Each structure stands twice: as C-alpha cells, then as structure tokens.
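Trainee: So the sequences go chain by chain: A and B. Read in order, the letters of the first sequence are residues 27 to 484 in my numbering. Read in order, the letters of the second sequence are residues 3 to 253 in my numbering. Cβ coordinates follow ideal geometry from the N, Cα and C atoms, glycine included. Computed from a predicted model, the values in this text were never measured in an experiment. Structure in structure tokens, see below.
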Amino acid sequence: MAVETHVLDDDCEALSGWGRTAPALARVRRPRGHAEAVEAVLGCGPRGAVARGLGRAYGDAAQNAGGTVLDMTGLDRILALDTTAGLVVCEAGVSLHRLMEALLPLGWFVPVTPGTRYVTVGGAIAADIHGRNHHGSGSFGRHVTALELLTADGGIRTVLPGTPLFDATTGGLGLTGVILSAALRLLPVETSLMRVETERVPDLDTLMARLTADDHAHRYSAARIDLLARGAATGRSVLTRGDHAPYDALPRHHRARRAPLAFRPVRLPAPPPHVPGGLLGRASVGLFNELWYRTAPRAATGRLQSLPAFFHPLDGVPHWNRIHGREGFLQYRFVVPYGQEETLRRIVRRIADRGCPSFPAVLKRFGAADPGWLSFPLPGWTLALDLPTGLPGLGRFLDALDEEVAGAGGRVHLAEDSRVRPETLAAMYPRLDEFRALRATLDPRSVLTSDLARRLRL
Amino acid sequence: MKDAFGAPQSLLVLGGTSEIGLATARRLIARRTRTVWLAGRPSPALTAAADSLRALGADVRTVPFDALDTASHEERLGKIFTEGDIDMVLLAFGVLGDQARDESDPVAAVRVAQTNYTGAVSAGLVCAGALQAQGHGSLVVLSSVAGERARRADFIYGSSKAGLDAFAQGLGDALHGTGVHVMVVRPGFVRSRMTAGLAEAPLATTPEAVAAAIELGLRRRSETVWVPGALRMVMAAVRHVPRPLFRRLPV
Ligand SMILES: Cc1cc2nc3c(=O)[nH]c(=O)nc-3n(C[C@H](O)[C@H](O)[C@H](O)COP(=O)(O)OP(=O)(O)OC[C@H]3O[C@@H](n4cnc5c(N)ncnc54)[C@H](O)[C@@H]3O)c2cc1C
Ligand SMILES: NC(=O)c1ccc[n+]([C@@H]2O[C@H](COP(=O)([O-])OP(=O)(O)OC[C@H]3O[C@@H](n4cnc5c(N)ncnc54)[C@H](OP(=O)(O)O)[C@@H]3O)[C@@H](O)[C@H]2O)c1
Numbered sequence: 027m028a029v030e031t032h033v034l035d036d037d038c039e040a041l042s043g044w045g046r047t048a049p050a051l052a053r054v055r056r057p058r059g060h061a062e063a064v065e066a067v068l069g070c071g072p073r074g075a076v077a078r079g080l081g082r083a084y085g086d087a088a089q090n091a092g093g094t095v096l097d098m099t100g101l102d103r104i105l106a107l108d109t110t111a112g113l114v115v116c117e118a119g120v121s122l123h124r125l126m127e128a129l130l131p132l133g134w135f136v137p138v139t140p141g142t143r144y145v146t147v148g149g150a151i152a153a154d155i156h157g158r159n160h161h162g163s164g165s166f167g168r169h170v171t172a173l174e175l176l177t178a179d180g181g182i183r184t185v186l187p188g189t190p191l192f193d194a195t196t197g198g199l200g201l202t203g204v205i206l207s208a209a210l211r212l213l214p215v216e217t218s219l220m221r222v223e224t225e226r227v228p229d230l231d232t233l234m235a236r237l238t239a240d241d242h243a244h245r246y247s248a249a250r251i252d253l254l255a256r257g258a259a260t261g262r263s264v265l266t267r268g269d270h271a272p273y274d275a276l277p278r279h280h281r282a283r284r285a286p287l288a289f290r291p292v293r294l295p296a297p298p299p300h301v302p303g304g305l306l307g308r309a310s311v312g313l314f315n316e317l318w319y320r321t322a323p324r325a326a327t328g329r330l331q332s333l334p335a336f337f338h339p340l341d342g343v344p345h346w347n348r349i350h351g352r353e354g355f356l357q358y359r360f361v362v363p364y365g366q367e368e369t370l371r372r373i374v375r376r377i378a379d380r381g382c383p384s385f386p387a388v389l390k391r392f393g394a395a396d397p398g399w400l401s402f403p404l405p406g407w408t409l410a411l412d413l414p415t416g417l418p419g420l421g422r423f424l425d426a427l428d429e430e431v432a433g434a435g436g437r438v439h440l441a442e443d444s445r446v447r448p449e450t451l452a453a454m455y456p457r458l459d460e461f462r463a464l465r466a467t468l469d470p471r472s473v474l475t476s477d478l479a480r481r482l483r484l
Numbered sequence: 003m004k005d006a007f008g009a010p011q012s013l014l015v016l017g018g019t020s021e022i023g024l025a026t027a028r029r030l031i032a033r034r035t036r037t038v039w040l041a042g043r044p045s046p047a048l049t050a051a052a053d054s055l056r057a058l059g060a061d062v063r064t065v066p067f068d069a070l071d072t073a074s075h076e077e078r079l080g081k082i083f084t085e086g087d088i089d090m091v092l093l094a095f096g097v098l099g100d101q102a103r104d105e106s107d108p109v110a111a112v113r114v115a116q117t118n119y120t121g122a123v124s125a126g127l128v129c130a131g132a133l134q135a136q137g138h139g140s141l142v143v144l145s146s147v148a149g150e151r152a153r154r155a156d157f158i159y160g161s162s163k164a165g166l167d168a169f170a171q172g173l174g175d176a177l178h179g180t181g182v183h184v185m186v187v188r189p190g191f192v193r194s195r196m197t198a199g200l201a202e203a204p205l206a207t208t209p210e211a212v213a214a215a216i217e218l219g220l221r222r223r224s225e226t227v228w229v230p231g232a233l234r235m236v237m238a239a240v241r242h243v244p245r246p247l248f249r250r251l252p253v
C-alpha cells in the first residue's frame, strides 16, 4: 500500500460535522438525478456510502471515512405543490430555507423547523428533527406523507407512514437508504411575522412551572437558560413563546400590511476561517449571558418579530461554527421523561457548578413520542447546550451526565452526538435492536454506513 | 472511530511492552478504547502486558512484530487492518543502545539505527497506507528530544531519532488533508525500563505524563507534542547554542 502524496483524487474531501471535530476523508459524489444516485450507491466500494445534506449535524452522522458520501444538495427541485391542500413534493436536497422562500409568499410554512433553516428535507427526515412546536405538532417525520427511498440493493421504493421501513427511516440517520424525495404537509400562515411573548424567569423551578401551565396555549415555546448563573439564580431564563401572526393582528399602519408574506432574511459577514481557540472563555460568555438576561424584557406580549429573527437568529451569521476555533465544539442535547424533574435539576446544577462557558441553553417541553425507532423526542424535558471540546475534563463530565440521563430513562439526540459511548446507547434507545434487525435484512452487507454507525455500532 | 475529543476506540501499539505505550493504552481504555492490538516480539512480557490491559476491560490481541524484520511488516501489520478499523497507531518501539559500547561495536550501533529508524520507516509507511485507505486515524510517533540536537553522550540513539522525527514530520505533511493525522511526540527523560539506572536529566517525566500529553494532542489534533511542555522552549534555545559551548555543556 503506497502513501499518496495527496488525496486520492479530486472528489476526495475531508469532511466533518457542524462541530468541526473528527474529520474523515471520503469520496464525495454529487448526484443530479436518481440514476446517478443509484450508480453512486451500487458502485460505492467496500466502505459503503451515506447521504449528506447541508452538514448541520454536529457530529459524524453525515461522514463516511474511506467510503462514499452522497452530497444530496444537487437534488434541489421542488417537484409539485398543491396550494389548496397544502402539500409539497420536493427532492431531498431542498433546504428548508429554499422551501420558505418558495412557499411563504403563497401562504404556507414548513411544518417543523429546527434552530437553523439551512438543513435539507432529507436531513430533517433522517434526523427526525423537532422544533419549538414539538409539544403540539410532533417531529418532522409526522408531516411526511410519503418518501422515496433508494436502498442498498439499488432499488427505489415508495415508503408510506405506518410501515416499519418508514419508522426506521425517520430518525434512521441515512442508514436505511438514501431519501430521494418526500411529500410534506404544510402549515398555512397569513403573514410572515410572529407574535411573540417574552418573559424573564428567575429560576428553574418557576420556569418548569410556567412551561407546564400554559405551553399548550402557544404553537411555539422554548426557554433559554443561563447555565453560568449560580446560587439562587441557578436556572434563570428567558421564556419565549410565539404564534404566527394573523393578518388582522398587524397594527393599522404596519409595513407588513402591504406585503404580509415577505421573507427577507438578513445575512452578516462570516467570521474569518481561522479563529484561535479559547476566545470564548467563562468571563466573556458570562458577561454575554449577564447582558442577555438583563436586556431581555421582564415581560412583553404581542411583539411582532420576523420569522428568521424568531426561529433562526444564528443563521444571520454564516459559518458561525468557526468561533470556537480549530478544536471545534459539540452540542449536548438530551431529554429526560416527565417525572424525572429531579434529574434535570441536578444536571443543570452540575453544569452551573462546573462553570462551563455555554451560551444560554435551550430548554423545551416535548409532546408525545414520535413513531421513529431512533427518533429523539419522548414526553419530557429537553435541554441543549453548545460546548467547546477544549474544556478540560469535558469528555468525562459528559459521560457522567449520560449516566444520569440514561438512568432516568432519557436519551441524547443522535444527529447532534459526537461522543456518546456505544454501551450507553442501548439503554437510551430501546428499539435499537429492531433497527439493527431491519438493517440486517434490508442491507446485509452494510452498504449504507457512516462514521456514526461505526462509532456506535448501529 | 474517534469521538469529538479524539479518543480512539481501537488502538495498535507497535512495541507492545513499551512502558509509555502501555501507559497510553491504559489512559485511552479509561476513555473509549475497547480494542487493543499489541505488536511486539513474542515474550512473557508481551503476554503479561496483554493480560494487564484485559483486566481493564479491553479486548486485547497480540501479534508478532519485529522492527528489524522489515520484510514481514507489510503482511503482519496489514492483516491487523483487515480485521477492523484502527483509529490510532502508536509507534512506541525503540532501543537506547549503549553509547559507550556501541561506539566500538558498529554492528550494535547499526542495530540501534535499524530499530529506531529503518524499522520505523517501514512500519510507519505500512500503517500510514492502511490508515489512508480507511480514511481516518492517527499515527502517533514516539520521537525524542535526543533527536532535536545530537549530544556527545548519546548521538547514536539521537541520530536515529533525528531521522525518525524528520520522517514522521514529512509523512504528516504528505498525509495532510487525507483525514489521517500524524503526531510527533518528543519526550525528554522518561522514567521507564529504557532509562533504568541512568542519571536523571532535568525535567524528567513519567510514562503517565506522556500518555496524558498524547490524549491532549489527539483532542487538539496537534502535529508536535513535547513532554513536558516546557521542553519546547528549552529546546528552542538549546538548538541555537554554539557548538563549542554545546560540547562542554553537562547535558
Ligand atoms: C444551529 C443548529 C440548530 C439545530 N437545531 C435543531 C433543533 O432544534 N432540532 C433538531 O432536531 N435538530 C437541530 N439541529 C440538527 C439538524 O437539524 C440535523 O442535524 C439535521 O439532520 C441537519 O440536516 P442536514 O441537511 O444538514 O443533514 P446532514 O447534517 O448533512 O446529515 C444529517 C443526517 O441525515 C442524513 N441524511 C441527510 N440527507 C439525507 C438523505 N437525502 N437521505 C438519507 N439520509 C440523509 C445523513 O446521513 C445524516 O445521518 C440543529 C443544528 C444546528 C447546526
Ligand atoms: N524512556 C525515555 O526516556 C524516552 C524518552 C524519549 C523517547 N522515548 C521513546 O519512547 C519509546 C518507548 O520507550 P519506553 O520508555 O516505553 O521504553 P521501553 O519500555 O523500553 O519500550 C521499548 C519497546 O521497544 C520494543 N522493541 C525494541 N526493539 C524492538 C524490535 N526490534 N522489534 C519490536 N519491538 C522492539 C521493546 O520490546 P521488547 O519487550 O521486545 O524489548 C519495547 O516494547 C521508544 O521509542 C523510546 O525511544 C523514550
């Protein structure tokens, strides 16, 4: 075996997830149609293939060391739109951003959006993503009425909700096949503005009580917690709820009265490609969090906000993942079931005591569990925080949190994971064996595989 | 696969009885390592090393490997990679030799050079090729400060490490952008079997400290690691000491 002086050929690329950790080399194929996708899967070689969307998964879900990665962003056509029924059929590489651009002017919105709109429909299904409306609307997969799946044998199947293959595919991280297209049910909206209620909450218990009391009154709800605040202020947070503003709610002379469905996100310049690590230490993040809490309105109702400002404030800064420097960062997103509030409190206290420099973390109440076998949501509390991997002892600390989470019957979100132990995983996902069994029959040679699948022995 | 902190799940140690190698294996087993291959010359010590790691819960296998038998490397080491991905290779074999004796015994001196340099070139290339084929992994090479500037007291060993160090740096550049990471580790005086009975040098350290530095280097994807870290500055100065003065330094 000779060492090549450079990468094997022009198609080879070192890929990593949004957290920029654990890069691996893969041959990247960019199919423009079904035939090319089939060819890429059938001709992928011994290390297999996996699909990749916009690479927003934090860890190694969309990479495949030494094998093939299908960059799906070339399959980016909206194929059909039924504006009366609110149904769209599109290719898997279409981003939610693109869908918003195309559909909002017609009065339709995506059924579920994560904290960034730069994800593809394929990625949204494969990670069965959730949004701030999970308590009422469930995960993304619930709004998919059909999908086309290219399986390891090169066949293309139409997969319908309620079938095992559908439930293995939503949340299946690309390991059942390559999603080529999907039909989605949309949400009707009268304007592209949100009517928002914000309130400051002094501590975690008050926050949980507030969320439990009237989450159902709003379509979207989530809070941000300052995890650097300690003592009596532990868990101080800002609770934000919102609903799509109806046309009649717009004030008489509001600009939006003339163009209620306009969608014009602002984008700022990106940070430079090489930011030194460790800039965001405890002091600077602590200061940020302090200002953020103090400047949030004590209580405000009926404020109007644009969709991007409400859902995707970070999307305004392209490549913001560079700010943690070359060592990269990770997202710790877990859920613990209702009744396990004590575990949540303990974890929040442990993070606060440790003084991890984390920007305000997101706390949300989930609704009913989703049917996907590896879907993340279950009825309970979910908390998500970003942390630079350079924090001393972070790996061990998070392992200890995993034990608490798994012990309480909770789990971590696989699409955001880059570090959980394979042994812990089985406790978190009770349907893992079914998933493995289905894969073993559908794809006995494990043609569809990824670094995450290898790491976690999925 | 490595996790976000660079901790490997599978590890191949070339020089399976090396104290530094075993300290590193122990440390990584405590994190994520489950599969360990110990490659070395068959001996009771090698078996005992494997047992000691098994006791920590790892799945350990030994493979016969002699650095001097370069003709066998491709086959012996290649086979390991066919059994599954290796996330990290630790090139830990080496001999110190006996400078005073080796100066008058060229055959013995050549053995030091062949073990530390030629053997490493061969094993290093075989492993680099296999890592490249799998598209990921780290090759961690135990060089030494002795290679940074050859000293009167151990220039046979020092020159072999200088060659190894240059080789590993070049290999790292060759593999840049391939997903494979090469890390050169330059420890100072480490209290191990290799240095038993020798007078301690300043800034002496332990195999455990080298292991900790390796774990940190993996997370940072460092290209060069000094142990202890202070040696980086010390050696930057030592490198520029004029020869007439350096000759007389008691180092
Ligand atoms: C700022 C930010 C906020 C986020 N907020 C949320 C949130 O609120 N809720 C949430 O659930 N997630 C959230 N995420 C995670 C993100 O939504 C998911 O990781 C999503 O899968 C990313 O989509 P992508 O197109 O970038 O896919 P990638 O990251 O490229 O891939 C993700 C997974 O989907 C698979 N995949 C992609 N395309 C296909 C396809 N066509 N066929 C089959 N498999 C495919 C990949 O193999 C991989 O396993 C957030 C991420 C970021 C960066
Ligand atoms: N100790 C220090 O002060 C120090 C400082 C800087 C760098 N280093 C380097 O760090 C590495 C490990 O050192 P250590 O302190 O752990 O020493 P060690 O315990 O003596 O380990 C040396 C290893 O090399 C192996 N080896 C020697 N010749 C071999 C051959 N021909 N084929 C296969 N294996 C062979 C030995 O195996 P056997 O059991 O078969 O002999 C042993 O496993 C070495 O490369 C050394 O040069 C050490």
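Determine, using beta carbons only, whether residue 461 (chain A) and residue 412 (chain A) come nearer to each other than 7 Å.
Mentor: For this step, residue 461 (chain A) is matched to residue 435 along the first sequence. For this step, residue 412 (chain A) is matched to residue 386 along the first sequence. Not a contact, by the Cβ cut-off of 7 Å.
Trainee: With 16 other CB atoms within 10 Å as the buried threshold, where does residue 72 (chain A) fall?
Mentor: For the purposes of this step, residue 72 (chain A) is taken as the residue at position 46 of the first sequence. It counts as exposed.
Trainee: Checking contacts by CB at 7 Å: is residue 4 (chain B) closer than that to chain A?
Mentor: By 1-based counting over the second sequence, the position of residue 4 (chain B) is 2. By this cut-off, residue 4 (chain B) is an interface position.
Trainee: Within this structure, are the beta carbons of residue 194 (chain A) and residue 202 (chain A) separated by less than 7 Å?
Mentor: For the purposes of this step, residue 194 (chain A) is taken as residue 168 along the first sequence, with counting starting at 1. For the purposes of this step, residue 202 (chain A) is taken as residue 176 along the first sequence, with counting starting at 1. In this structure, residue 202 (chain A) lies closer than 7 Å to residue 194 (chain A) by Cβ.
Trainee: Consult DSSP for residue 349 (chain A) and reduce its assignment to one of helix, strand or coil.
Mentor: The residue given as residue 349 (chain A) occupies position 323 in the first sequence. Residue 349 (chain A): helix per DSSP, three-state reduction.
Trainee: Among all residues, which have a Cβ less than 5 Å from at least one non-hydrogen atom of ligand 4, and in what chain order do they fall?
Mentor: Looking at this structure, you won't find ligand 4 anywhere; what it does contain is ligand 1 and ligand 2.
Trainee: At a Cβ threshold of 7 Å, is residue 442 (chain A) touching chain B?
Mentor: Position 416 of the first sequence, counted from the start, is the residue given in the question as residue 442 (chain A). Cβ-Cβ to chain B under 7 Å: no for residue 442 (chain A).
Trainee: Nearest to residue 54 (chain B) by alpha carbon, out of B:66, B:129 and B:23?
Mentor: By 1-based counting over the second sequence, the position of residue 54 (chain B) is 52. Closest option to residue 54 (chain B), Cα to Cα, is B:23.
Trainee: Using C-beta distances below 6 Å, list every residue in its chain close to residue 25 (chain B), excluding the 5 sequence neighbours before and after it, in chain order.
Mentor: Reading the second sequence from its first residue, position 23 is the one you call residue 25 (chain B). Here the set comprises 209, 210 and 213.
Trainee: Run through chain B and tell me which residues come within less than 7 Å of residue 429 (chain A), C-beta to C-beta.
Mentor: Position 403 of the first sequence, counting from 1, holds the residue named residue 429 (chain A). Those within 7 Å of residue 429 (chain A) in chain B number zero; the least Cβ separation is about 15 Å.
Trainee: For residue 51 (chain A), decide whether its Cβ has a neighbour in chain B, counting only Cβ atoms nearer than 7 Å.
Mentor: Locating residue 51 (chain A) in the first sequence gives position 25, where the first residue counts as 1. With 7 Å as the cut-off, residue 51 (chain A) counts as an interface residue toward chain B.
Trainee: Does at least one heavy atom of ligand 2 sit under 6 Å from the Cβ of residue 401 (chain A)?
Mentor: Here residue 401 (chain A) refers to the residue found at position 375 of the first sequence. No; taking the cut-off as 6 Å, the Cβ of residue 401 (chain A) has no heavy atom of ligand 2 nearer than that.
Trainee: Along chain B, in chain order, which residues have C-beta atoms closer than 9 Å to that of residue 294 (chain A)?
Mentor: Indexing the first sequence from 1 puts residue 294 (chain A) at position 268. Correct list: empty, because the minimum Cβ distance to chain B is about 27 Å.
Trainee: So for residue 246 (chain A), helix, strand or coil by DSSP?
Mentor: Here residue 246 (chain A) is taken as the residue at index 220 of the first sequence, counted from 1. Strand.
Trainee: Can you check whether the C-beta of residue 180 (chain B) is within less than 7 Å of a C-beta belonging to chain A?
Mentor: Within the second sequence, numbered from 1, the residue matching residue 180 (chain B) stands at position 178. Closer than 7 Å: yes.
Trainee: Three-state secondary structure (DSSP) at residue 155 (chain A)?
Mentor: For the purposes of this step, residue 155 (chain A) is taken as the residue at position 129 of the first sequence. Three-state result, residue 155 (chain A): coil.
Trainee: Using the rule of at least 16 other Cβ atoms within 10 Å of the residue's Cβ for burial, across every protein chain shown, is residue 90 (chain B) buried or exposed?
Mentor: Taking the first residue of the second sequence as 1, we reach residue 90 (chain B) at position 88. With 16 or more Cβ atoms within 10 Å of its Cβ, residue 90 (chain B) is classed as buried.
Trainee: For residue 82 (chain A) versus residue 44 (chain A), is the C-beta distance shorter than 7 Å?
Mentor: Your numbering for residue 82 (chain A) matches position 56 in the first sequence. Your numbering for residue 44 (chain A) matches position 18 in the first sequence. Yes, the Cβ-Cβ distance between residue 82 (chain A) and residue 44 (chain A) is below 7 Å.
Trainee: DSSP beta-bridge partners for residue 358 (chain A)?
Mentor: What you label residue 358 (chain A) is simply residue 332 of the first sequence in a count that begins at 1. Beta-bridge pairing links residue 358 (chain A) to A:411.
Trainee: Should residue 161 (chain A) be labelled buried (16 or more other beta-carbon atoms within 10 Å of its own) or exposed?
Mentor: To locate residue 161 (chain A), count along the first sequence from 1; it is residue 135. With 16 or more Cβ atoms within 10 Å of its Cβ, residue 161 (chain A) is classed as buried.
Trainee: May I ask you to check if the CB of residue 197 (chain B) is nearer than 6 Å to at least one heavy atom of ligand 2?
Mentor: Here the question's residue 197 (chain B) lines up with position 195 in the second sequence. The answer is yes for residue 197 (chain B).
Trainee: Check distances from the C-beta atoms of the stretch 129 to 152 of chain B to those of chain A and list, in chain order, the residues that come in under 7 Å.
Mentor: 130, 131, 132, 134, 135, 136, 137 and 138
Trainee: Assuming contact is defined by CB atoms lying nearer than 7 Å, are residue 150 (chain A) and residue 253 (chain A) in contact in what I supplied?
Mentor: Sequence index remark: in the first sequence, residue 150 (chain A) carries index 124 (1-based). Sequence index remark: in the first sequence, residue 253 (chain A) carries index 227 (1-based). Against a cut-off of 7 Å, the Cβ pair of residue 253 (chain A) and residue 150 (chain A) comes out as no contact.
Trainee: Considering only residues of the same chain and omitting the five flanking positions on each side of residue 115 (chain A), which have a CB-CB separation below 7 Å?
Mentor: Looking up residue 115 (chain A) in the first sequence gives position 89. 105, 106, 207 and 209.
Trainee: Going by DSSP in three states, residue 478 (chain A) sits in which element: helix, strand or coil?
Mentor: Locating residue 478 (chain A) in the first sequence gives position 452, where the first residue counts as 1. Three-state result, residue 478 (chain A): helix.
Trainee: In whole angstroms, what separates the C-alpha of residue 430 (chain A) from that of residue 449 (chain A)?
Mentor: Position 404 of the first sequence, counted from the start, is the residue given in the question as residue 430 (chain A). Position 423 of the first sequence, counted from the start, is the residue given in the question as residue 449 (chain A). Computed Cα separation, rounded: 14 Å.
Trainee: For ligand 2, is there a heavy atom less than 6 Å away from the beta-carbon of residue 144 (chain B)?
Mentor: Locating residue 144 (chain B) in the second sequence gives position 142, where the first residue counts as 1. Answer for residue 144 (chain B): yes, Cβ within range of ligand 2.
Trainee: How would you list, in chain order, the residues of chain B whose beta-carbon sits under 8 Å from the beta-carbon of residue 477 (chain A)?
Mentor: On the first sequence, residue 477 (chain A) is found 451 positions in, with the first residue counted as 1. The contacting residues are 3 and 138.
Trainee: Between the stretch 84 to 117 of chain B and chain A, which residues of the former have CB atoms less than 8 Å from a CB of the latter, in chain order?
Mentor: 87
Trainee: Mind checking residue 239 (chain A): buried by the 16 CB within 10 Å criterion, or exposed?
Mentor: For this step, residue 239 (chain A) is matched to residue 213 along the first sequence. Exposed is the call here.
Trainee: In chain order, which beta strand (DSSP E) runs of at least 3 residues are fully inside the stretch 149 to 231 of chain A?
Mentor: 170 to 176, 182 to 185, 204 to 211 and 219 to 227
Trainee: So what's residue 385 (chain A) in DSSP terms, helix, strand or just coil?
Mentor: For the purposes of this step, residue 385 (chain A) is identified with residue 359 of the first sequence, where counting begins at 1. Note: residue 385 (chain A) maps to coil in three-state DSSP.
Trainee: DSSP puts residue 390 (chain A) in a beta bridge; with which residues?
Mentor: By 1-based counting over the first sequence, the position of residue 390 (chain A) is 364. According to DSSP, which records beta bridges pairwise, residue 390 (chain A) is partnered with A:408.
Trainee: Looking at the C-beta of residue 222 (chain B), does it have a partner C-beta in chain A at a distance below 7 Å?
Mentor: Taking the first residue of the second sequence as 1, we reach residue 222 (chain B) at position 220. Yes, because at least one Cβ of chain A sits closer than 7 Å to the Cβ of residue 222 (chain B).
Trainee: Per DSSP, which residues does residue 270 (chain A) bridge with? Please list them.
Mentor: Taking the first residue of the first sequence as 1, we reach residue 270 (chain A) at position 244. A:220.
Trainee: With a threshold of 7 Å between beta carbons, is residue 7 (chain B) in contact with chain A?
Mentor: Here residue 7 (chain B) corresponds to residue number 5 of the second sequence, with the count starting at 1. True, the Cβ-Cβ gap to chain A drops below 7 Å.
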